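Undergrad: Position 224 of the sequence shown, counted from 1, bears residue number 223 in numbering that gives the first Met the number 0, the numbering being contiguous throughout.
For each residue, glycine too, the CB sits at the ideal point set by N, CA and C.
No experiment lies behind these values; they were computed from the predicted model shown.
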Amino acid sequence: MSLKLGVIGTGAIGQDHIRRCSQTLLNSQVVAVTDINLQQAAKVVADLKLTAEVYPDGHALIKAPDVEAILVTSWGPSHEEFVLAAIAAGKPVFCEKPLAVTAEGCRKIVEAEVAHGKRLVQVGFMRPYDEGYRALKAVIDSGQIGEPLMLHCAHRNPSVGENYKTDMAITDTLIHELDVLRWLLADDYVSVQVVFPRKTSKAHAHLKDPQIVLLETARGTRIDVEVFVNCQYGYDIQCEVVGETGIAKLPEPSQVQLRSGAKLSNAILMDWKDRFIAAYDVELQAFIDGVRAGQVGGPSAWDGFAAAVAADACVQAQQSGQIVRVELPERPRFYG
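1. Would a C-beta distance cut-off of 9 Å place V82 and A51 closer than the cut-off?
2. Our contact map puts L119 next to V325 with C-beta atoms below 8 Å; I'd like the distance itself, whole angstroms only.
3. Scan the region 115–197 and note each continuous alpha helix (DSSP H) run of 4 residues or more that stays entirely inside, going in chain order.
4. Mind checking who A259 pairs with in its DSSP beta bridge?
5. Assign M0 to one of two classes, buried (16 or more other C-beta atoms within 10 Å of its C-beta) or exposed (fewer than that).
6. Classify M149: buried if its beta carbon has 16 or more other beta carbons within 10 angstroms, exposed otherwise.
7. Any chance the region 101–108 sits against the region 156–166, with 3 or more Cβ pairs inside 8 Å?
8. Could you tell me the distance, in whole angstroms, from the CA atom of I7 to the CA atom of P209?
9. Please list, in chain order, all residues of the same chain as D166 whose beta carbon is under 7 Å from its beta carbon, the five residues on each side excluded.
10. Determine, using beta carbons only, whether L388 and Q231 come nearer to each other than 9 Å.
11. If you draw a straight line from the alpha carbon of L263 to that of L283, how long is it in whole angstroms?
12. Would you say A111 and A87 are within 9 Å of each other, going by their C-beta atoms?
13. Which residue marks the beginning of the beta strand (DSSP E) containing F93, and which one marks its end?
14. Can you name, in chain order, every residue of its own chain whose Cβ lies under 6 Å from the Cβ of A285, other than the five neighbours on each side?
15. Select from E67, N36, A45 and D34 the residue whose C-alpha is nearest the C-alpha of S27.
16. On a CA-only basis, which of K198, H16, R330 and T170 is nearest I276? Give me that one, please.
17. Quick check on the burial criterion: 16 or more other C-beta atoms within 10 angstroms. Buried or exposed for V92?
18. How close, in whole Å, do the beta carbons of D186 and A217 come, if the pair is a contact with beta carbons under 8 Å?
19. I'd like the list of long-range same chain contacts for E243, defined as Cβ closer than 6 Å, with 5 residues on each side in sequence excluded.
20. Counting only the same chain and skipping the five closest in sequence on each side, list residues whose C-beta sits under 6 Å from that of A300.
21. Which one or two residues does DSSP pair with E239 in a beta bridge?
22. By Cβ distance below 6 Å, which residues in the same chain neighbour A102 in space, the five residues on each side in sequence not counted?
23. Applying the 10 Å Cβ sphere with the 16-neighbour rule, what's the burial state of D140?
24. Hey, could you find the ends of the beta strand (DSSP E) V224 is sitting in?
25. So K3 is in the beta strand (DSSP E); what residue range does that whole segment cover?
26. Secondary structure at I35, three-state DSSP: helix, strand or coil?
27. Please return the same chain residues whose Cβ sits closer than 8 Å to the Cβ of D65, not counting the five positions on each side in sequence.
28. Name, in chain order, the residues that DSSP records as bridge partners for S27.
29. Taking the beta carbon of H205 as the centre, do at least 16 other beta carbons fall within 10 Å, making it buried, or is it exposed?
30. From the DSSP output, in three-state form, read off E215 for me.
31. Using only CA atoms, which one of A40, L98, G116 and P97 lies nearest to G89?
32. What span of residues does the alpha helix (DSSP H) with V290 cover, start to end?
33. Using CA atoms only, rank isn't needed, just tell me which of I246, G335, Y188 and G75 is closest to L327.
34. How is I322 classed by DSSP in three states: helix, strand or coil?
35. Am I right that A40 and T9 are in contact with their C-beta atoms under 8 Å? What's the rounded C-beta distance?
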């Protein structure tokens, strides 16, 4: 039997997930949708030729008897409300990042889930489902390069819009590294610092770009992440792990190597959706399979909370120029 899904939010990512669950993935059926713009929600249902009801709001959708699991893809500040409502209804919920817009909001979700007594929440961090990151983690976990000593990382975008602010380099961009690097190392952050190199002339006047974020983990691994969101040349994600006996590097996306015009070249992707599209498929299929098996897995509400705590410290470090401690409480046994 297909898992009957309700989707809250029919913007770009919501539409993509609805299409994915309806046309690409196995054992899922979108039976309910809603959006703050109900006309748009109805249009998505019509365009994709779905047999799905359009509900007046997220709470009505969550309460619908035929909805077995929820996808929250709405405006970020609404996530906390709908995830808490799904937990209260006892229904599994996949929530796109952010889990909540504040660490305190994430903490409330963690407490609600622990009180419920069973994992219901999977957070939409897709990088742990990327084939390249999984291969990199397999090398680290095998011990082939010894203990990780340093990580050199980069998150580069061709350009960003005028509404992109300096703190969004943390909350919208670095947030993915904050999650995936914890997962790679199985280690938590204890301190952060942000430094600003010479500013690119390609950035808007109000935006400090690029930035370098320096992180330290509980085991003493040092991490530097370059965040450069107006690099112009492409969408480029890099991660190099320096171990005691060797170095492991995130593989480049597979591209055709071209010999032409007296040049040997490889194309560079320009869009994050192209870079991680397969990972989106894998993560949502994992959610569907987990719910059907009675056990939600993947990035947890605790992972969402940990990323939010680290992000808050990074924003504080941006503003102060100081090294800032990351104060993460002890992880509940509930999350293993």
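TA: A quick look at the data gives this:
1. For the purposes of this step, residue 82 is taken as the residue at position 83 of the sequence shown. For the purposes of this step, residue 51 is taken as the residue at position 52 of the sequence shown. Not in contact: V82 and A51 (Cβ atoms no closer than 9 Å).
2. Start at 1 with the first residue of the sequence shown, and residue 119 comes out as number 120. Start at 1 with the first residue of the sequence shown, and residue 325 comes out as number 326. Going by Cβ atoms, the distance from L119 to V325 rounds to 26 Å, so no, they are not a contact pair.
3. Counting whole runs of 4 or more residues, the region 115–197 contains the alpha helix (DSSP H) stretches 130–141 and 174–184.
4. Position 260 of the sequence shown holds residue 259. Sequence check: residue 259 is Ser here, not Ala. Paired residues: K262.
5. Within the sequence shown, the letter at position 1 stands for residue 0. Exposed, because fewer than 16 other Cβ atoms sit within 10 Å of the Cβ of M0.
6. One-based indexing of the sequence shown puts residue 149 at position 150. So M149 counts as exposed.
7. Here the region 101–108 does not lie against the region 156–166, with fewer than 3 beta-carbon pairs under 8 Å apart.
8. For the purposes of this step, residue 7 is taken as the residue at position 8 of the sequence shown. For the purposes of this step, residue 209 is taken as the residue at position 210 of the sequence shown. Approximately 34 Å, taken between the alpha carbons.
9. Within the sequence shown, residue 166 is the residue found at index 167, counting from 1. If we look at D166 and ignore the five residues flanking it on each side, its Cβ neighbours are V314 and Q317.
10. Since the first residue of the chain shown is 0 and the last is 335, residue 388 is not available in this structure.
11. The count along the sequence shown starts at 1 and reaches residue 263 at position 264. The count along the sequence shown starts at 1 and reaches residue 283 at position 284. A direct Cα-to-Cα measurement between L263 and L283 gives close to 37 Å.
12. The residue you call residue 111 lines up with position 112 of the sequence shown. The residue you call residue 87 lines up with position 88 of the sequence shown. Cβ distance < 9 Å, so A111 and A87 count as in contact.
13. Taking the first residue of the sequence shown as 1, we reach residue 93 at position 94. Note, F93: beta strand (DSSP E), V92 to E95.
14. Within the sequence shown, residue 285 is the residue found at index 286, counting from 1. Residues of the same chain with a CB within less than 6 Å of the CB of A285, apart from the 5 flanking positions on each side, are G297 in chain order.
15. Position 28 of the sequence shown, counted from the start, is the residue given in the question as residue 27. For S27, the nearest C-alpha among the options comes from E67.
16. Your numbering for residue 276 matches position 277 in the sequence shown. Comparing Cα-Cα distances from I276 to each of K198, H16, R330 and T170, the minimum goes to H16.
17. Looking up residue 92 in the sequence shown gives position 93. Buried, because 16 or more other Cβ atoms sit within 10 Å of the Cβ of V92.
18. Residue 186 sits at position 187 when you count from the first residue of the sequence shown. Residue 217 sits at position 218 when you count from the first residue of the sequence shown. Indeed, because the Cβ distance is near 6 Å, the residues count as touching under 8 Å.
19. On the sequence shown, residue 243 is found 244 positions in, with the first residue counted as 1. If we look at E243 and ignore the five residues flanking it on each side, its Cβ neighbours are G145 and E146.
20. One-based indexing of the sequence shown puts residue 300 at position 301. Contacts found: I108, V109, E112 and V120.
21. Stepping through the sequence shown from its first residue, residue 239 is reached at position 240. The partner list for E239 (beta bridge, DSSP) reads H151 and K248.
22. Walking along the sequence shown from the start, residue 102 turns up at place 103. Excluding sequence neighbours, A102 sits near A307, V308 and D311.
23. The residue labelled residue 140 in the question sits at position 141 within the sequence shown. Exposed, by the Cβ-count rule.
24. Counted from its first residue, the sequence shown places residue 224 at position 225. Segment R221 to F227, the beta strand (DSSP E) holding V224.
25. Translated into the one-based positions of the sequence shown, residue 3 becomes position 4. Run containing K3: L2 to I7, per the beta strand (DSSP E) assignment.
26. Position 36 of the sequence shown, counted from the start, is the residue given in the question as residue 35. For I35, the three-state secondary structure derived from DSSP is coil.
27. Position 66 of the sequence shown, counted from the start, is the residue given in the question as residue 65. For D65, where only same-chain residues beyond five positions count, the Cβ hits under 8 Å are K3, V30 and A31.
28. Mapped onto the sequence shown, residue 27 falls at position 28. Its beta-bridge partners are L2.
29. Here residue 205 corresponds to residue number 206 of the sequence shown, with the count starting at 1. Exposed, by the Cβ-count rule.
30. Numbered from its first residue, the sequence shown carries residue 215 at position 216. Three-state DSSP puts E215 in a strand.
31. If you number the sequence shown from 1, residue 89 lands on position 90. Ranking A40, L98, G116 and P97 by Cα distance to G89 puts G116 first.
32. Reading the sequence shown from its first residue, position 291 is the one you call residue 290. W271 to A292 is the span of the alpha helix (DSSP H), which, as asked, contains V290.
33. For the purposes of this step, residue 327 is taken as residue 328 along the sequence shown, with counting starting at 1. Ranking I246, G335, Y188 and G75 by Cα distance to L327 puts Y188 first.
34. As a position in the sequence shown, residue 322 is number 323, starting the count at 1. Coil at I322, not helix or strand.
35. Sequence index remark: in the sequence shown, residue 40 carries index 41 (1-based). Sequence index remark: in the sequence shown, residue 9 carries index 10 (1-based). With 8 Å as the limit, A40 and T9 qualify as a contact, their Cβ atoms being about 5 Å apart.
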